[in-house]
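Just below is one structure, and these are the notes that go with it.
Chains as they are written, first to last, in the UniProt record's numbering: chain U, 1 to 604; chain B, 1 to 189.
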């Protein structure tokens, strides 16, 4: 084993330090509690993240169905809604306050709990040790803590749905003064406190996870696994973790100031505020300051969501085209460029806050620069599948769907990145359409692709293919039908976050379109339930995996037993001799990373 | 990729130390967030800067001294001079506690001069930024206290230098962080 730790200081007194992964040779006795609940096995923790994420996705999706019903059918009454939501839907009609609460919770849950914890929590945990050739994470204990902090954060957020004044309702970005003053709205009372506690726990969870991912990728690679032999998935997870570790603390500092504004009478974000004609004593604060601190995380956050999907799509496209990834180093370079640029563009969320236009010009330039690495990635994905021997597995379809959505959503980003155009488009449905396609749905597609592709490794069984194809096509067509029309609404100036539009003459024309969007959204939501059924049904009843390497892939996870135990490999950890993308080389279908380079092999 | 040579790294950093380095980057970002928020605010109208309390010079001296003692403690541990190690690690804990105490004395002096959360934005920043730093120092004291009790435990003997080196690295970090914050508050106000 190559990743034993040797001591930097060769002092004679030091006792060799046992690293955790060496302890896990073989299978020691485990109780139900240590195996499935307080597990330190990265594979189990990954599944815990995934299933918790799926729970949240279902709930967050349900929120959107309910508020889409309001937007599509503002005058209709749904008695069942009153049965479900009680006071929130008095007389079967969603109340305005509940509408805002649902929109806020939908955003918070989907961005943080599903697409951050559910996506990178699942796949970084699952794939990093398996693909770099390690028995577990650098610190399995910290890894377990990371999940349990997320779990407690989930419980706190869930409990905020049940308090009398409702969950926080001021938007997922939690801008002050709505988030800082309890008097501002019902949702700003205890709901906001729970939101803050939950988010603070969530930040701790992602920091613990991120530290571990970075340490594992840099320190625990098996013999021969140089950084430039890593699969692109690992590079993507690595940059994701770097982004998280450097940006979440800034959000945390913003939250600390917010907590003091809420409870200790400071005025960081508050100034000159009247509530019900009553002047507040707060003086000298600036709400814009919060926006700076928030978006310094907020923008990297969209790449925290997107990069894992990019990495997994790269891997899945290459495996299922039976071709090497095109431009491996360019792929790493563009991931790196995106990571750097992610920290330099936050103010493009703030063009209309009175930001100095001269400063805005720099942010426009830096924002539009992101198009360059993004275009490199798209080009490389397309050239990877070009003339490939494509296998249209559900995972491959979702990866292709990811590329399609990333292109469509990325193009509208070029519109929004212009500070002049942003004056018209800011806070309209154009923004909603843009970020849902490029970040929301695209990353969900990356996640689905990952689930379909690595499910055999997770559970030793396959997901049902037919259900997978139905899931893909309905979701793919549905995603475009939902979000494409929103671009038109946004260009016409229809603002986001409004409770109903039929009282405005200029937005009445979209009444039927809103109805259409809502109906499609409900259908797409129901199809996701089909996927969840497929997921749980297949854990116990799915077709069994009979070969070690069902996709004919080169990466190390397919050299483990079909149902790997804690420690992943039964014997020695395999040594790596080549990169992960030798497909169709010298007439061979694929050459695993563990195969030594033979003398007469061609170069590439 | 024939150009890729498998790199054989003979000497690696201890994994805990490495993880700590990443965490240091993370914590630094939090204070970068705080201090840049302070700079942004200080350029706006109606800003009244706060005078750093005099006792904070003493805090600075204490924490620099504690960095020296923790450094010497590491050396003593490596040389297996356990008596000296115990003395030095205890000294570091005492100096750390004294640092936190002087911080709170400074806070209460400042608070008494009508610089409260309600009256001064600059003061609020000052309390929170230095307060969060003090929490990080307390975290370091807890880590050192664990080493302290280990050193006096007669049943098991620890001769691994990794824990004291990791704790020492963290201690130097909070020290340097304090010097940064101290100079920052002196210059910006």
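All C-beta atoms, glycine included, are put in the ideal place defined by N, C-alpha and C.
Remember, predicted model here, so these are calculated numbers, not experimental data.
Residues in its own chain within less than 7 Å of residue i by CB, not counting five upstream and five downstream?
i, result
"residue 91 of chain B", "69"
"residue 563 of chain U", "460"
"residue 115 of chain B", "50 and 123"
What residues of chain U sit near residue i, judged by a beta carbon separation below 8 Å?
i, result
"residue 83 of chain B", "None at all; the shortest Cβ gap to chain U is about 15 Å."
"residue 174 of chain B", "Residues of chain U passing the Cβ test: none, with the nearest at roughly 15 Å."
"residue 139 of chain B", "The premise fails here: residue 139 of chain B is roughly 13 Å from chain U at the closest Cβ pair, so nothing lies under 8 Å."
Is it true that the CB of residue j sits closer than 9 Å to the CB of residue i?
i, j, result
"residue 580 of chain U", "residue 131 of chain U", "yes"
"residue 479 of chain U", "residue 306 of chain U", "no"
"residue 343 of chain U", "residue 294 of chain U", "no"
"residue 384 of chain U", "residue 314 of chain U", "yes"
"residue 280 of chain U", "residue 365 of chain U", "no"
"residue 50 of chain B", "residue 120 of chain B", "yes"
"residue 517 of chain U", "residue 68 of chain U", "yes"
"residue 330 of chain U", "residue 380 of chain U", "yes"
"residue 527 of chain U", "residue 486 of chain U", "no"
"residue 46 of chain B", "residue 284 of chain U", "yes"
"residue 455 of chain U", "residue 321 of chain U", "no"
"residue 201 of chain U", "residue 23 of chain B", "no"
"residue 576 of chain U", "residue 223 of chain U", "yes"
"residue 458 of chain U", "residue 399 of chain U", "no"
"residue 154 of chain U", "residue 56 of chain U", "yes"
"residue 430 of chain U", "residue 412 of chain U", "yes"
"residue 122 of chain U", "residue 215 of chain U", "no"
"residue 163 of chain U", "residue 196 of chain U", "no"
"residue 416 of chain U", "residue 425 of chain U", "yes"
"residue 242 of chain U", "residue 521 of chain U", "no"
"residue 172 of chain U", "residue 38 of chain U", "no"
What does residue i touch in chain U if you count any residue whose Cβ is under 7 Å from its own?
i, result
"residue 150 of chain B", "Ordered by position in chain U, no residue passes the 7 Å Cβ test against residue 150 of chain B, which lies about 13 Å from the chain."
"residue 193 of chain B", "The requested residue 193 of chain B is not part of the displayed model; chain B covers only 1 to 189."
Report, in whole angstroms, the separation of the C-beta atoms of residue i and residue j, which I expect to be a contact under 8 Å.
i, j, result
"residue 257 of chain U", "residue 128 of chain B", "7 Å"
"residue 397 of chain U", "residue 472 of chain U", "5 Å"
"residue 519 of chain U", "residue 72 of chain U", "7 Å"
"residue 419 of chain U", "residue 437 of chain U", "In fact, because the Cβ distance is near 22 Å, the residues do not count as touching under 8 Å."
"residue 25 of chain B", "residue 246 of chain U", "7 Å"
"residue 203 of chain U", "residue 127 of chain U", "23 Å between Cβ atoms; not a contact."
"residue 137 of chain U", "residue 212 of chain U", "5 Å"
"residue 54 of chain U", "residue 118 of chain U", "7 Å"
"residue 233 of chain U", "residue 120 of chain U", "With 8 Å as the limit, residue 233 of chain U and residue 120 of chain U do not qualify as a contact, their Cβ atoms being about 11 Å apart."
"residue 440 of chain U", "residue 110 of chain U", "7 Å"
"residue 287 of chain U", "residue 176 of chain U", "5 Å"
"residue 62 of chain B", "residue 98 of chain B", "5 Å"
With 16 other CB atoms within 10 Å as the buried threshold, where does residue i fall?
i, result
"residue 264 of chain U", "exposed"
"residue 143 of chain U", "buried"
"residue 9 of chain U", "Model confidence at residue 9 of chain U stands at a pLDDT of 40, short of 50, so the residue's coordinates are unreliable; what they give is reported in the following sentence. Classification for residue 9 of chain U: exposed."
"residue 598 of chain U", "exposed"
"residue 175 of chain B", "buried"
"residue 346 of chain U", "buried"
"residue 159 of chain B", "exposed"
"residue 506 of chain U", "exposed"
"residue 91 of chain U", "exposed"
"residue 3 of chain B", "For residue 3 of chain B, the pLDDT reaches just 36, beneath the cut-off of 50, and the residue's location in the model is therefore unreliable, leaving the point undetermined."
"residue 273 of chain U", "buried"
"residue 7 of chain B", "Caution is warranted here: a pLDDT of 41 is assigned to residue 7 of chain B, below 50, making its placement in the model unreliable, and the coordinate value is therefore given only provisionally. Counting Cβ neighbours within 10 Å, residue 7 of chain B comes out exposed, since fewer than 16 surround it."
"residue 359 of chain U", "exposed"
Could you list which residues in chain B have their beta carbon closer than 7 Å to that of residue i, in chain order?
i, result
"residue 333 of chain U", "Those do not exist, as residue 333 of chain U stays about 15 Å from chain B at its closest Cβ, beyond 7 Å."
"residue 266 of chain U", "117 and 124"
"residue 215 of chain U", "15, 18, 19 and 22"
"residue 286 of chain U", "41 and 44"
Find the residues of chain B that neighbour residue i, judging by a C-beta separation of less than 8 Å, and give them in chain order.
i, result
"residue 584 of chain U", "The contacting residues do not exist; residue 584 of chain U stays about 16 Å from chain B at best."
"residue 296 of chain U", "33"
What does a CB cutoff of less than 6 Å around residue i pick up in its chain, not counting 5 residues either side in sequence?
i, result
"residue 161 of chain U", "167"
"residue 102 of chain B", "55, 58 and 59"
"residue 249 of chain U", "none"
"residue 221 of chain U", "132"
"residue 410 of chain U", "374 and 438"
"residue 349 of chain U", "295"
"residue 88 of chain U", "95 and 98"
Since residue i meets chain U, which of its residues come closer than 9 Å, beta carbon to beta carbon?
i, result
"residue 132 of chain B", "253 and 256"
Could you list which residues in chain B have their beta carbon closer than 9 Å to that of residue i, in chain order?
i, result
"residue 139 of chain U", "15, 16 and 19"
Can you give me, in chain order, the residues of the stretch 114–129 of chain U that have a beta carbon less than 8 Å from any beta carbon in chain A?
Of the protein chains in this structure, namely U and B, none is chain A.
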